[in-house]
Amino acid sequence: EAEPERQSQQDELSDAFRQHLPEVLAEREAKKRRRELEWRALVARERQTKVELQEAERQAKIEEAEQERRRLELQERQLELQERRQEAERQARFVEEARKRAEVGDQEMREEA
């Protein structure tokens with residue numbers, strides 16, 4: 019009786035192993051590919067030529083100049099908006115003062131009449 023029970027346990031373990039084997043193999047393969055890609059990336063970085071480095075530096079300078087241009091444009095737009103707002107506030111004060119003068123003038127006319 020012990021033999022069939024032991025065989026049954028072995029069969030269960032074998033089934034469990036077979037079920038997980040594809041996952042384990044896939045994980046190992048993924049790790050292997052990841053290490054290989056990391057190695058290739060390292061080798062590629064080490065082999066990078068002077069021309070590639072110069073091109074990367076040139077591209078970085080272009081991007082920096084573009085960022086600076088956008089920053090200056092934004093700053094200019096902000097100044098324009100600030101000037102417009104100040105002009106609108108000035109006009110609003112002028113209109114308010116004119117309205118008050120008109121009210122005072124109307125009141126004086128009523129008092130005289």
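For the record, in the sequence shown the residue sitting at position 58 is 76 according to the working numbering, with numbers rising by one throughout.
Idealized CB from N, CA, C, for every residue including glycine.
Within the stretch 37 to 124, there are no complete beta strand (DSSP E) runs of at least 3 residues. In this structure, the straight-line span from the alpha carbon of Glu107 to that of Gln85 is close to 33 Å. Take the alpha-carbon of Gln109 and the one of Glu81: they are about 42 Å apart. Going by C-alpha positions, Gln25 is about 23 Å away from Pro40. Taking the Cα positions, Ser32 is about 35 Å away from Glu56. For Ala34, the three-state secondary structure derived from DSSP is helix. Around Arg58, the same chain offers no residue with a beta carbon nearer than 8 Å, after the five sequence neighbours per side are excluded.
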